[in-house]
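Using the working numbering, the first residue of the first sequence is number 43, and each one after it goes up by one.
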Amino acid sequence: MSDDLRQARLKKLAALRELGLDPYGQRFPGAIPVREALGLFVEGREDVAVTVAGRLMALRKMGKAQFADLHDITGKIQVYVREDKMDPAQAARFPHLDLYDLLGVSGTLFRTRTGEVTIAARELTPLAKALNPPPEKWHGLTDVEVRYRKRYLDLIANPEVRETFLRRTRIIASIRRELDARGFVEVETPMMHPIPGGAAARPFITHHNSLDMDLYLRIAPELYLKRLLVGGFPKVYEINRNFRNEGFSTKHNPEFTMMEVYEALGDYSTMMELTEQLVATLAREVSPAHRIPFDGAVYDFTPPWRRVAYMDLFREHAGVAWGDAAAIRAKAAAAGLPTGSRPVEAVANDLFEKYCEPTLTGPVFVIDYPTAICPLTKAKRDRPEICERFEAHVAGMEIANAFTELNDPIDQRARFECQLANKDEGMARIDENFLDALGYGMPPAGGLGIGIDRVVMLLTNSKSIRDVILFPMMREQEAS
RNA sequence: GGGGGCGUAGCUCAGUCCGGUAGAGCAACGGUCUUUUAAACCGUUGGCCGUGGGUUCAAAUCCCACCGCCCUCACCA
């Protein structure tokens, strides 16, 4: 039983206490990262002293000698223990170790007969006793459910998982660096909204007790970032969580990380250039040759990316004419898509997503969307039925969505009212405060949203969004 | 929500088709071993076979329901 394994470890914990040691350790100054320690080795010398701290991942006992593998985030170092040639008080500590214990080790570096740089241990300091038995050492932890529920074990046991999440961190840092260098200012806007807006999605509802008011976890920060444009911040961005109360999949997590950028005096063309440059920079950091492998294909993000007009794609692949409302509804119904009382453009867009988007490999910009499905986007001056919006698609995923922002408060109100009339579109209530803000004058601007999780998926060759979110949404389950 | 798959020791997995005493490797425990690399060798322990019901003389195995996970479709500005 697992309980037996635990009991064996508790016995060793007690033994450490009897030696006067604290199995859970104290401040441990002087430890250096494992990789750094390995770098201090000087060929031919065996007197270089180092101190490291890490997790005990393997133990090979050979009579009076034993070899241990100590891991930290930077790597692995082997520890050599000769019980008969050590201070007896120190030697007495070693029999009470278990795999996964956290240890501090001091000693001198040498090279073993088989060539591995190793610490000859002089001093051992317990830092934390592991009471739970570890996953199997060779196959590691493969059960995806356990990997997601106990991500800490996944990170310990699977080095490539560590690498994926470190890369995620580097990607986000790089985005910030690039935007900061271009003069964008990072801001934080509310996560709890009285009216959910800026996207069409079902929100999570929560409640503020002392105000006795329902609040919504934000589905997008858009309407608040635009208020900042009104307020005179010309270039703002936010990287933070959005929440959408919808089904989840390999490409959707209920909470996900979105970056939104707004640039006063720009438009969707400037956002297209920004998108290309940002993603290309990230891709170059992953692969200087600009060859990004993903799901069996290879993508090159070198600008400029292909641009294709929405209507051209529709004409080519939808199988019906954009203007033929009856044919559009008939085709959608035949395809099992909802038609009902929805506006014909919304139904047509379903056809677009079903028949046109899958033909895109990318990276590609789909540009110039029908105005009817873009309530926050400025229409083209000469063609009011088309608006200045693009989506960037790669490998069947939408990774970016941007437009020339609608800044006419009267037009914006009309669009909201039209949206509200179609209950189907999911809008609950018009955000009057947002319209009021536009009434003070918002500069013409380009706005861009990039789904960070999906970009990280692309750049880490991860097929599931759960592999790039440390703690993906899971049904609650009792602790095991 | 629909369809498909999976759930057996702490971990990685056989066994299920075709019902007949619950298996292996790793880990643990006890030995041998003074430079090993998944150390090796000898021995021992460890199981509500996801949960509940049914069929049967007999169920890990067949049937039903439920729980959880994965894939897929649907939903999804």
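Glycine included, C-beta positions come from ideal geometry on N, C-alpha and C.
Sorted by chain position, which residues of the same chain lie with C-beta nearer than 8 Å to residue i's C-beta, five sequence neighbours on each side aside?
i: residue 371; result: 381, 386 and 389
i: residue 227; result: 275, 277, 278 and 279
i: residue 319; result: 220 and 345
i: residue 197; result: 203, 204 and 207
i: residue 487; result: 268, 271, 304, 305, 306, 307, 308, 309, 446, 447 and 449
i: residue 337; result: 437, 503 and 505
Report the three-state DSSP secondary structure of residue i (helix, strand or coil).
i: residue 370; result: helix
i: residue 240; result: coil
i: residue 12; result: For residue 12 there is no data in the structure shown, the boundaries of the chain being 43 and 522.
i: residue 201; result: helix
i: residue 110; result: strand
i: residue 325; result: helix
i: residue 102; result: strand
i: residue 47; result: helix
i: residue 297; result: strand
i: residue 485; result: coil
i: residue 256; result: strand
i: residue 248; result: strand
i: residue 92; result: strand
i: residue 167; result: strand
i: residue 522; result: Reliability fails at residue 522, whose pLDDT of 44 lies under 50, so the model's placement of it is uncertain and no value is given.
i: residue 126; result: helix
i: residue 475; result: helix
i: residue 184; result: coil
i: residue 353; result: helix
i: residue 134; result: coil
i: residue 383; result: coil
Out of the options, which one is the CA nearest neighbour of residue i?
i: residue 170; options: 142, 163, 152 and 208; result: 142
i: residue 429; options: 409, 375, 183 and 322; result: 409
i: residue 523; options: 165, 187, 84 and 395; result: Because the chain here runs from 43 to 522, residue 523 falls outside it and cannot be looked at.
i: residue 510; options: 313, 293 and 53; result: 293
i: residue 315; options: 384, 444 and 337; result: 444
i: residue 471; options: 482, 457, 484 and 483; result: 457
i: residue 313; options: 514, 61, 392 and 407; result: 407
i: residue 175; options: 192, 357 and 48; result: 48
i: residue 122; options: 113, 128, 163 and 355; result: 163
i: residue 291; options: 515, 491, 53 and 157; result: 515
In chain order, what residues of the same chain lie with their CB nearer than 7 Å to the CB of residue i, ignoring the 5 residues before and after it?
i: residue 473; result: 237, 239 and 265
i: residue 235; result: 257, 258 and 260
i: residue 343; result: 321, 322, 325, 332, 334 and 405
i: residue 183; result: 177, 189, 195, 196, 199 and 200
Starting from the C-beta of residue i, find all residues in its chain whose C-beta is less than 6 Å away, skip the five residues before and the five after it, and write them out in chain order.
i: residue 328; result: 501
i: residue 116; result: 75, 76 and 77
i: residue 455; result: 477
i: residue 58; result: 65, 138 and 168
i: residue 351; result: 409 and 410
i: residue 225; result: 277
i: residue 412; result: 387
Residue i and residue j look like a contact to me (Cβ under 8 Å); what is the Cβ gap, rounded to whole Å?
i: residue 118; j: residue 76; result: 7 Å
i: residue 120; j: residue 111; result: 6 Å
i: residue 246; j: residue 285; result: 5 Å
i: residue 442; j: residue 341; result: With 8 Å as the limit, residue 442 and residue 341 do not qualify as a contact, their Cβ atoms being about 14 Å apart.
i: residue 72; j: residue 145; result: In fact, because the Cβ distance is near 14 Å, the residues do not count as touching under 8 Å.
i: residue 92; j: residue 151; result: 6 Å
i: residue 230; j: residue 282; result: 7 Å
i: residue 302; j: residue 243; result: Not a contact, Cβ separation roughly 15 Å.
*asked:* Taking 8 Å as the cut-off, does the segment 478-485 touch the segment 325-338 (at least 3 CB pairs, one atom from each stretch)?
replied: no
*asked:* Assess contact between the segment 452-465 and the segment 423-442, defined as three or more Cβ pairs (one per stretch) separated by less than 8 Å. Is contact present?
replied: no
*Does the segment 97-108 come within contact of the segment 54-70, defined as at least 3 CB pairs closer than 8 Å?*
no
*Specify whether the segment 171-190 and the segment 131-150 touch according to this definition: at least 3 beta carbon pairs, one from each stretch, less than 8 Å apart.*
yes
*Three or more C-beta pairs below 8 Å linking the segment 417-425 and the segment 356-366*: no
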